[in-house]
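Okay, so here's the structure we're looking at.
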Amino acid sequence: GLLLPLGTLLLILPPGCSALSPPRFTKIPFDQIGVSGGVASFVCQAQGDPKPRVSWNKKGKKVNSQRIETIEFDEGAGAVLRIQPLRAPRDENIYECVANNSQGEITVTAKLSIIREDLLPLGFPNIDMSPQLKVVERTRTATMLCVASGNPDPEITWFKDFLPIEPSATNGRIKQLRSGALQIENAEETDQGKYECVASNLEGVRYSAPANLYVRVRRVPPRFSILPTNHEIMPGGSVNITCVAVGSPMPYVKWMLNAEDLTPEDEMPVGRNVLELSSVHESANYTCVAMSSLGIIEAVAQITVKSLPKPPGTPFVTETTPTSVTITWDSGNPDPVSYYIIQYRAKSPDSKYETRDGITTTRYSIGGLYPNTEYEIRVSAFNTIGQGPPSNPVEARTGEQAPASPPRNIQALIISRNTMMVRWEHPEEPNGMIKGYRVYYTTDPTQPMSLWQIHNVQDSVITTIHSLIASETYTIRVLAFTSVGDGPFSDPIQIKVMLGVPAQPARFQVGKVSDTSIELTWEPPYEKEGVINYELLYKEAKLGTQVKKSLGPSSSFIVEGLRANTEYSFSLAAVSNKGIGAFTNEVVQKTSQANVPRNFTVKFVTKTSVLLSWEFPESRNPYRFTVEYSRQKIDVDARLRKALLANLQPNTSYDFKITSPGGNLGGLRHGIHARTAPQLLGRKPQLDHNHDMELTLILPPLERRDLIKNIYVVVVPLKKGRGLIRHIKGPEELDLEEVLRESSQRQRHGRVSRQRRYVDTRKAYVAASFKPSNLPAFFTLGNQAEYNGYLNRALEPGQEYLLLAGRAQYNWWEDVRREPLHGCSHCSRCRPAAHGGGGRADLGGGARAGRGLHHLHRHRHPAVQEQPT
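Structure (C-alpha cells):
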C-alpha cells in the first residue's frame, strides 16, 4: 500500500452531533520500515463523545520499555508511540492503538520493520543536511533547514518535542517550504524546543539528528514614549488625550478616572491608547496606566475646563484729587487673569458706567473725573473665556476745585437813581461747594480787574449795589468761588445809571449766515416794559465804517448786503422813552464764501475735444456761466463741475474765455489755453471676425511712438432704445474721464473676482492697455484674458459695441495753460507747461493734458441676426 508521512493517516470526518458517540479514529498509524539504531514514531488520534482516551499496546499488553515512550496530546485523545533507538529483531512487531470511551472501544494496528544500516536498499532515505541549533529573537523569523535524498524522492515532515508539526493549524505562521525547510514567522516563546526532520518514501523512514530552537525574549520594563499632556478646554468642549508606552513585552495601556477603569479589560490596546472626551464641563485628572509582566507605570493628564474669572476683592480708595481717584484691589483669582476692567460712574440715576480696560496691575488711578463728584467704582477680571462678574462697588468723592465756568445769565437793573440790582445763575461747572460770589463793577473797563470795585455775596444769586454815579455806564462781571479758589469771570455786561433806561438785551448772538447776510437774535432786557425799539451798530471788523440801524421791538434781525468771506462786528442796545441803554459786547461773525466756480482745469484732451473741470460747492441754487471759443458760446451750469467741448480740430490750439454775470465780486472771468491731441495712428484700425464670441482688431503701426506713453482699447456697449439701436458718432458723446477713472480703480485694486468684474455689462470699459513697444498687430476682443491689469471681457451675442481702438495716453502737449483774463483781480496767474513733459502733469495750478483718442468702430456681435440700421 501507499506509505504516508508521519506514520499517520488523516481521516476527515463529518462534524458530530451533540449526542453521545463511540470513538472514531481521526489519525491512524501506518506501517514503517526503520533503520537499526534510528527512530520510529507512530501517531494515533481519535474523537468521540465523551472524548476518548488513546493508548498503545504490544501483543495486547501496555508498552513498557526505556526505549519506548508514549507522548500524549489533545488531552489524551492522541498519543505518539516513539521507539529510539531501534533494535532488531526485538522491536519488530505489530503495535496496537486502542481508543475507548463509555460508548465503546476501537483498535488499529501498525507494523514496524527494522533494517540494518549495511543492508539498506539503494533508495532508502538519507538526511544530507540536518537542522542546526538556532537562536531567534521573539517576533522575528526562524528557518530550520533540512535536505534529504532517496529514490523515490522522500517527503519531508517535521516533529517538535516528539510531536508532529501541522503547519495548517498555525494560520500560515509556520510554513514548510518546497525545499523541505521549516519557516517560523513572528516567533513566539512557545516555538522554542527540539526539532527533527523526517524523510520518508516507499523504502523506509529516516530521522535527522535533533536541533534546538531557542526564542530569545527581550525583557524591558514598560516606559512612556509619549506622555499624556495637560489641556485647557472651553466648557462643553472636546479633547483627545494620547498615551503611548513601549517595552518588551509590549505593555497594555488603559485609562482611569480616579478608581474607575475607562478602558474595558477585554478591549485594552497594546502600546497606544487615545482617550476621547466630549462635552466636558468639569476639570479632572485622567491617569494613563501601562502594564506588562515586568511592571506597571502611570502618568496623569490634567484636563482643565476654562471658566470665567471670579470677582476681585472690593476696591480700596488710596488717594483722591479733584480729577482722579486711585484704587487698589485683591485679584480674588487663584488662576492668572489676562487683565482687569474698571467701571465707574457718577452717582446719579441717569449716569452710565464708563470703562477702563487692559489694566494688568491691581492698582490704578482713574483720571479725567469731575471735581467734587461722588463716583461708584467696581472692578472685574478678564481671561481667555471672557469677563467675570464685577466686585462689590466702592464709593469715592473727588476733591474740590475752583469753579471751571463763570456764573450765567448776568442781568442788571437800575432800581433808584444810584442803586442797581444784579442777578445771575449758578455756574455750570461749580467743581465744589460754592462759598459765594464776587461782583466786579467799574465805569472804566479798560482798567485792570484789580482796580475794579468788588461786592462780595454769600448764599445768594441776587444783590444790590449802592452809591453809583448817576448817568454813568457801569461794566459788570461776576465770578464764583469755592474753598479752593476763584472761578473765571463772566462776560461783561453794561448798564447806564438812569431810571427808565432799559438794560442790555440778553443772549445777543448770531443765527444763520450766508455769503451776503448774517442773522442776529437776542432776548429783551430783564425789565422789558418800556422798550420801544433797538439800535444796532455794525461794521467790517477791520477798517470798516460803522453803520447804525434802528430796529423795531423784535427779537431778531437779518443784516443783508454784506460782502462774502468778510468779518463783521455787531452790538445792540435797547431804547425806551427815557433814552438808550448800554450796548452789548461786540459779536464778531464772518460771512460765508461766495458760491462761484473756482480752479478751472483742463482735465484731458482728445483729437477733437477738451474736457474742462472746476470746483463748486454743493448748492441748490443754479450758477450759470459762459464758455466762448472760436466764435462759439456755450452756457454751462456750475453745479455740473465739468464741461466737454467737442467737435474740435486735431492738433489745434484753442483759447477758452469763461465769463459770468456781474455780482459782488465783479463777475467771473477766466481764460484757458489748450491744444488738442495730434494724429497718433497711421491709419484706421480694421475689424475682422474670428468666431461667434470674439472679434479681431487689426491695429495699424504708430506714427509717433516717442509721443505715446500708453495705448488703451475702450469698448462701449450701446444701449437699445425703441426701434433701431442708437448710433454714437464719436467719443465726444462719452464721459471718457469716468471710463478711465473706473478702469484705473480696478487696476489699483489688483486682481478681483470675475463676478465683480461683470457687475455692469452696459458700462464702457477698458479692455486692454499696451506700451508703444509691445503694441500687437492683432488684438482679439472678448478672450477674457488680462492685459496690464485690464480684463478683456467676453462679448455678449446680439449686443452692439462701439470700439475706441488706439485710445492713447501721450507724452506731448503744447502750451496748455490756465490764466485769468484782464481785470480779474481774484484769479491767480499760472505758469505755462514746458514742452516734452510726460503723462498727466499739473500745469500751473492743475491744467492736465496727455490723452488722445483715435478711430472708432461700431459693431454688432454676429451671434444674432443683423437688423437693418
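Letter by letter, the sequence shown follows residues -19 to -1, 1 to 850 in mature numbering (1 follows the signal peptide of the UniProt record, and there is no 0). Ideal placement from N, C-alpha and C gives every residue a C-beta, glycine not left out.
Residue burial classification, residue i (beta-carbon count within 10 angstroms, cutoff 16)
i, result
"residue 852", "Here the chain has residues from -19 to 850 only, and residue 852 is not among them."
"T336", "exposed"
"G652", "buried"
"L432", "exposed"
"Q113", "exposed"
"K8", "buried"
"K235", "buried"
"Q428", "exposed"
"V179", "buried"
"S471", "buried"
"T565", "buried"
"Q475", "buried"
"D172", "buried"
Separation of residue j from residue i, as counted between CA atoms
i, j, result
"V556", "A484", "9 Å"
"E50", "W37", "10 Å"
"K493", "R612", "44 Å"
"P10", "A69", "20 Å"
"V583", "L772", "29 Å"
"T502", "P296", "52 Å"
"C127", "N82", "40 Å"
"R656", "K520", "48 Å"
"N221", "R119", "33 Å"
"E248", "P3", "41 Å"
"Q490", "N373", "49 Å"
"P631", "V577", "32 Å"
"I96", "P31", "41 Å"
"G511", "A554", "13 Å"
"L350", "N412", "11 Å"
"A192", "Y176", "5 Å"
"P292", "P384", "38 Å"
"P230", "S273", "7 Å"
"K92", "M125", "31 Å"
"V459", "F538", "29 Å"
"S634", "P778", "42 Å"
"P245", "Q157", "39 Å"
"D12", "E166", "33 Å"
Coil, strand or helix - residue i by DSSP
i, result
"P148", "helix"
"N755", "helix"
"A69", "coil"
"S431", "helix"
"V577", "coil"
"A748", "strand"
"L661", "coil"
"A828", "With a pLDDT of 26 at A828, under the threshold of 50, the modelled position of that residue is not reliable, and the figure given next carries that caveat. Looking at A828 - three-state DSSP - the assignment turns out to be strand."
"V442", "coil"
"E719", "helix"
"L621", "helix"
"E409", "coil"
"D242", "strand"
"E599", "coil"
"D247", "helix"
"N636", "Note that residue 636 is Asp in the sequence shown here, rather than Asn. DSSP places D636 in strand when its eight states are reduced to three."
"D687", "helix"
"E118", "strand"
"P112", "coil"
"R187", "strand"
"Y693", "strand"
"L762", "strand"
Taking contact to mean 3 or more Cβ pairs, one atom from each stretch, closer than 8 Å, check whether the stretch 198 to 211 and the stretch 150 to 164 are in contact. They do not touch, by the three-pair rule.
Tell me the start and end of each unbroken alpha helix (DSSP H) in the stretch 159 to 183 that is at least 4 residues and wholly inside, in chain order. With a minimum length of 4 residues, no continuous alpha helix (DSSP H) run stays inside the stretch 159 to 183.
3 or more residues per run - each beta strand (DSSP E) lying fully within the stretch 311 to 383: Listed in chain order, the beta strand (DSSP E) runs fully inside the stretch 311 to 383 are 320 to 327, 335 to 340, 344 to 347, 355 to 363 and 375 to 378, counting runs of at least 3 residues.
Are at least three pairs of beta-carbons, each pair with one atom in the stretch 322 to 337 and one in the stretch 386 to 395, less than 8 Å apart? Result no; under three Cβ-Cβ pairs closer than 8 Å.
Of all the beta strand (DSSP E) runs that stay within the bounds of the stretch 42 to 108, which reach a length of 3 or more residues? The qualifying runs are 49 to 54, 59 to 64, 74 to 82 and 85 to 96.
Does the stretch 296 to 313 come into contact with the stretch 273 to 287, if we say contact requires no fewer than three beta-carbon pairs (one atom in each stretch) closer than 8 Å? By the Cβ test, the stretch 296 to 313 is not in contact with the stretch 273 to 287, since fewer than three Cβ pairs between them sit closer than 8 Å.
If you pair each beta-carbon of the stretch 446 to 456 with each one of the stretch 512 to 528, do three or more pairs fall below 8 Å? With a cut-off of 8 Å, the stretch 512 to 528 and the stretch 446 to 456 do not count as touching, because too few Cβ pairs lie within range.
Does the structure place the stretch 171 to 185 close enough to the stretch 85 to 105 that three or more beta carbon pairs sit under 8 Å? Yes, the stretch 85 to 105 is in contact with the stretch 171 to 185.
Measuring CB atoms only, is the stretch 356 to 371 touching the stretch 399 to 415, in the sense that at least three cross pairs come out at less than 8 Å? Cβ pair count under 8 Å is below three, so no.
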